[in-house]
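A.B. asks: Protein chains in written order, with the numbering used here: chain E, 4 to 233; chain A, 4 to 233. Before we start, here is the structure in question, set down as structure tokens.
Put into structure tokens, the structure is as follows:
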């Protein structure tokens with residue numbers, strides 16, 4: 004599968020988790036820095052997320068992460084009860100670093116940046132297969148599904164929502180738009196291609212998707228001047 | 004999960020496969036009637052689709068289908084190499100019977116009927132879990148993914164597309180709309196709720212989704228008079 008990767012305007016802000024989410028203690032999507040425990044967690048997530056880029060889903064084993072991070076298997080199992088959970092948290096951690104909620108003043112541009120950064124995260128090595136397999140695990144296991152919703156899914160949905168809410172505050176997105184449904188459609192369309200049709204998630208697709216979403220939820224005042232330039 | 008099931012305007016046309024799809028010989032999504040072989044296939048698919056309504060995904064075994072259909076296991080294996088493939092074809096067969104591309108003259112109404120019929124198919128017993136698990140199988144296996152795309156996915160996407168194309172011919176859907184992307188978003192949104200968020204696929208959701216899609220791809224001429232009545 005090919006994903007959009009030829010954009011100059013999408014930031015890669017390693018070191019920045021996106022800022023719209025309030026941190027909670029022991030929040031698996033946002034490991035806190037500071038304590039010795041936290042340092043181990045961060046070191047492991049760093050090492051595991053690099054493995055996720057290089058290896059297939061099945062190859063990212065606890066053994067492989069132990070070797071790559073220099074952390075013992077018993078310590079890994081103390082923090083992560085299964086390799087599936089470790090891969091989920093590592094991929095969430097990595098995607099949090101690489102996606103960022105922009106505030107350029109223009110909702111279409113902010114959404115575009117986010118879509119490009121998000122799909123770029125699917126474009127490294129075998130990452131797309133890892134993401135698909137995490138969803139398959141969530142389908143097969145209720146316990147894993149709960150974690151999946153608390154980490155990867157929540158993070159990405161909140162990113163989309165934050166951008167749309169910014170747009171609402173600027174008068175660019177309709178106040179009567181059901182933003183949850185808009186996120187279902189945007190995020191759902193990307194996953195539909197990723198896991199069901201296998202069609203390319205490329206630049207033309209992201210542009211069409213963004214245009215469709217704008218027509219579906221932007222205000223006439225926002226859409227009107229754009230028509231003149233299109 | 005709750006799905007929309009309190010509509011009076013959605014037809015259940017058992018006996019009708021939807022009509023927009025040209026039949027092909029040995030097309031797993033449209034078993035032909037007539038020959039002795041075909042009769043066995045139809046009898047099995049009927050029996051298996053009833054089991055899919057009642058049982059969980061893992062319970063619909065070749066043994067169970069053999070008992071319910073009165074067809075021997077060896078014959079079943081001759082037609083369907085695995086129980087996963089049999090369940091996939093049975094669910095596709097059943098959904099084909101229960102969903103129908105309407106032509107009321109109004110694209111919003113046609114889409115609404117289709118969405119309601121489609122989600123009603125998820126609302127019987129443990130069907131939602133079966134559909135999710137079929138997707139999980141497609142993610143885990145390339146061979147199964149190919150069959151999944153040739154049957155269930157193709158059928159539903161063609162249903163949505165046929166309705167949108169009808170709308171285009173009537174001047175209700177924009178000619179410059181990318182209908183494939185519109186289907187990604189609609190179908191993707193439903194699957195996103197089904198397999199990822201677990202949120203209800205209920206009447207308010209379908210109404211919001213349809214409204215969003217109409218704004219996203221309908222013509223100004225079609226949208227304008229509707230505003231007066233909203």
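We treat Cβ as the ideally placed atom computed from N, Cα and C, and that holds for glycine.
1) Within 8 Å of any Cβ in chain A, is that where the Cβ of residue 191 (chain E) sits?
2) Answer yes or no: does any C-beta atom of chain E fall closer than 8 Å to that of residue 133 (chain A)?
3) Against residue 88 (chain A), what residues of chain E qualify as contacts under a CB-to-CB distance less than 7 Å, listed in chain order?
4) Measure the alpha-carbon distance for residue 62 (chain E) versus residue 129 (chain E) and round it to whole angstroms.
5) Is residue 60 (chain E) near residue 132 (chain E), with beta carbons less than 8 Å apart?
6) Name the two residues that bound the continuous alpha helix (DSSP H) containing residue 204 (chain A).
7) Name the chain A residues that come within less than 8 Å of residue 215 (chain E), Cβ to Cβ?
8) State yes or no: is the C-beta of residue 98 (chain A) within less than 8 Å of the C-beta of residue 209 (chain A)?
9) Any contact between the stretch 206 to 221 of chain E and the stretch 175 to 185 of chain E? By contact I mean 3 or more CB pairs, one from each, below 8 Å.
10) What are the boundary residues of the alpha helix (DSSP H) that residue 177 (chain E) is part of?
11) So that I know if they touch, is there some Cβ in chain A lying closer than 8 Å to that of residue 167 (chain E)?
12) Could you check what DSSP says for residue 32 (chain E) in three-state terms: helix, strand or coil?
13) Run down chain E in chain order and give the residues with a C-beta less than 8 Å from the C-beta of residue 156 (chain A).
14) Under the assumption that residue 142 (chain E) contacts residue 150 (chain A) (Cβ atoms under 8 Å), give the Cβ distance between them as a whole number of angstroms.
15) Comparing the C-beta of residue 194 (chain A) with each C-beta of chain E, is any distance below 8 Å?
16) Return the CA-CA distance between residue 119 (chain A) and residue 206 (chain A), expressed in angstroms with no decimal places.
17) Work out the CA separation of residue 91 (chain E) and residue 125 (chain A) for me, nearest whole Å.
18) Assuming residue 75 (chain A) and residue 46 (chain A) make a contact with CB atoms under 8 Å, what is their CB distance in whole Å?
19) Does residue 163 (chain A) get closer than 8 Å to chain D when you measure Cβ to Cβ?
20) Whole-angstrom Cβ separation of residue 188 (chain E) and residue 191 (chain A), contact assumed at under 8 Å?
21) Are the CB atoms of residue 43 (chain E) and residue 95 (chain E) nearer to each other than 8 Å?
22) Kindly list, in the order they appear in chain E, the residues whose Cβ is closer than 7 Å to that of residue 208 (chain A).
23) Using C-beta distances below 8 Å, list every residue in its chain close to residue 113 (chain A), excluding the 5 sequence neighbours before and after it, in chain order.
24) Run through DSSP, which three-state label would residue 27 (chain E) get?
25) Does any residue of chain A bring its CB to less than 8 Å from the CB of residue 171 (chain E)?
26) Please go through the same chain and pick out, in chain order, the residues whose beta-carbon is closer than 8 Å to the beta-carbon of residue 58 (chain A), but skip the five residues on each side of it.
27) When the Cα atoms are used, what is the spatial distance from residue 89 (chain E) to residue 51 (chain E)?
28) Considering only their Cβ atoms, is the gap separating residue 184 (chain A) from residue 212 (chain E) smaller than 8 Å?
29) Please classify residue 84 (chain A) as buried or exposed, where buried requires at least 16 other C-beta atoms within 10 Å of its C-beta.
30) Cβ closer than 7 Å: which chain E residues qualify as neighbours of residue 139 (chain A)?
31) Applying the 10 Å Cβ sphere with the 16-neighbour rule, what's the burial state of residue 86 (chain E)?
32) What residue from E:134, E:175, E:196, E:30 has the CA that sits closest to residue 216 (chain E)'s CA?
33) For chain E, is any of its Cβ atoms less than 8 Å away from the one on residue 136 (chain A)?
34) Is the CB of residue 211 (chain A) under 8 Å away from at least one CB in chain E?
C.D. replies: According to the structure data:
1) In the first chain, the residue the question calls residue 191 (chain E) occupies position 188. Contacts with chain A at 8 Å (Cβ-Cβ) include residue 191 (chain E).
2) Reading the second chain from its first residue, position 130 is the one you call residue 133 (chain A). No, its Cβ sits nowhere closer than 8 Å to a Cβ of chain E.
3) Taking the first residue of the second chain as 1, we reach residue 88 (chain A) at position 85. When 7 Å is used as the limit between beta carbons, residue 88 (chain A) is near no residue of chain E, the shortest such separation being about 17 Å.
4) Mapped onto the first chain, residue 62 (chain E) falls at position 59. Mapped onto the first chain, residue 129 (chain E) falls at position 126. Using only the alpha carbons, I get a separation of about 11 Å.
5) Start at 1 with the first residue of the first chain, and residue 60 (chain E) comes out as number 57. Start at 1 with the first residue of the first chain, and residue 132 (chain E) comes out as number 129. Cβ distance < 8 Å, so residue 60 (chain E) and residue 132 (chain E) count as in contact.
6) For this step, residue 204 (chain A) is matched to residue 201 along the second chain. From DSSP, residue 204 (chain A) is part of no alpha helix (DSSP H); its letter is neither H nor E.
7) Position 212 of the first chain holds residue 215 (chain E). Per Cβ cutoff of 8 Å: 180, 181, 184, 185, 188, 219, 220.
8) Your numbering for residue 98 (chain A) matches position 95 in the second chain. Your numbering for residue 209 (chain A) matches position 206 in the second chain. Note that the C-beta distance between residue 98 (chain A) and residue 209 (chain A) is not below 8 Å.
9) By the Cβ criterion, the stretch 206 to 221 of chain E is in contact with the stretch 175 to 185 of chain E, since at least three pairs of Cβ atoms, one from each stretch, lie closer than 8 Å.
10) As a position in the first chain, residue 177 (chain E) is number 174, starting the count at 1. Residue 177 (chain E): not part of any alpha helix (DSSP H); DSSP gives it neither H nor E.
11) The residue given as residue 167 (chain E) occupies position 164 in the first chain. For residue 167 (chain E), the nearest beta carbon of chain A is not closer than 8 Å to its own beta carbon.
12) As a first step, residue 32 (chain E) is located in the first chain; it is residue number 29 there, counting from the start. In the three-state reduction of the DSSP assignment, residue 32 (chain E) falls in the coil class.
13) Residue numbering aside, residue 156 (chain A) sits at position 153 when the second chain is read from its first letter. Here the neighbours are 199, 200.
14) As a working mapping, residue 142 (chain E) is identified with position 139 in the first chain. As a working mapping, residue 150 (chain A) is identified with position 147 in the second chain. At roughly 18 Å, the Cβ-Cβ gap does not stay under 8 Å, so residue 142 (chain E) and residue 150 (chain A) are not in contact.
15) Working through the second chain from its first residue, we reach residue 194 (chain A) at position 191. The Cβ of residue 194 (chain A) sits closer than 8 Å to at least one Cβ of chain E.
16) In the second chain, residue 119 (chain A) corresponds to position 116, counting from 1. In the second chain, residue 206 (chain A) corresponds to position 203, counting from 1. Between residue 119 (chain A) and residue 206 (chain A), the C-alpha separation is close to 8 Å.
17) In the second chain, the residue the question calls residue 125 (chain A) occupies position 122. In the first chain, the residue the question calls residue 91 (chain E) occupies position 88. About 28 Å.
18) Numbered from 1 along the second chain, position 72 holds the residue referred to as residue 75 (chain A). Numbered from 1 along the second chain, position 43 holds the residue referred to as residue 46 (chain A). Residue 75 (chain A) to residue 46 (chain A), Cβ: 12 Å. No contact.
19) Annotation note: the requested chain D is absent from the structure, which comprises protein chains E and A.
20) The residue labelled residue 188 (chain E) in the question sits at position 185 within the first chain. The residue labelled residue 191 (chain A) in the question sits at position 188 within the second chain. With a Cβ gap of about 7 Å, residue 188 (chain E) and residue 191 (chain A) count as contacting.
21) Within the first chain, the letter at position 40 stands for residue 43 (chain E). Within the first chain, the letter at position 92 stands for residue 95 (chain E). No, the Cβ-Cβ distance between residue 43 (chain E) and residue 95 (chain E) is not below 8 Å.
22) As a first step, residue 208 (chain A) must be located in the second chain, where it is residue number 205. What residue 208 (chain A) touches in chain E: 184.
23) By one-based count along the second chain, residue 113 (chain A) stands at place 110. So the qualifying residues of the chain are 104, 105, 106, 107, 166, 169, 170.
24) Position 24 of the first chain holds residue 27 (chain E). At residue 27 (chain E), the pLDDT of 43 sits below 50, so the modelled position is not reliable; the number obtained from the coordinates is stated separately. If DSSP states are grouped into helix, strand and coil, residue 27 (chain E) belongs with coil.
25) Your numbering for residue 171 (chain E) matches position 168 in the first chain. By this cut-off, residue 171 (chain E) is not an interface position.
26) The sequence position of residue 58 (chain A) within the second chain is 55, counting from 1. Closer than 8 Å at the Cβ level, and outside the excluded window around residue 58 (chain A), lie 67, 128, 129.
27) By 1-based counting over the first chain, the position of residue 89 (chain E) is 86. By 1-based counting over the first chain, the position of residue 51 (chain E) is 48. Between residue 89 (chain E) and residue 51 (chain E), the C-alpha separation is close to 8 Å.
28) By 1-based counting over the first chain, the position of residue 212 (chain E) is 209. By 1-based counting over the second chain, the position of residue 184 (chain A) is 181. Between residue 212 (chain E) and residue 184 (chain A), the CB-CB gap stays under 8 Å.
29) The residue labelled residue 84 (chain A) in the question sits at position 81 within the second chain. Classification of residue 84 (chain A): exposed, given that the 10 Å Cβ count is below 16.
30) To locate residue 139 (chain A), count along the second chain from 1; it is residue 136. The answer, in chain order, is 139, 142, 143.
31) Within the first chain, numbered from 1, the residue matching residue 86 (chain E) stands at position 83. Buried, because 16 or more other Cβ atoms sit within 10 Å of the Cβ of residue 86 (chain E).
32) Counting from 1 along the first chain, the entry for residue 216 (chain E) is found at position 213. Closest option to residue 216 (chain E), Cα to Cα, is E:175.
33) The residue labelled residue 136 (chain A) in the question sits at position 133 within the second chain. Yes, its Cβ sits closer than 8 Å to a Cβ of chain E.
34) For the purposes of this step, residue 211 (chain A) is taken as residue 208 along the second chain, with counting starting at 1. Answer yes: the Cβ-Cβ gap between residue 211 (chain A) and chain E drops below 8 Å somewhere.
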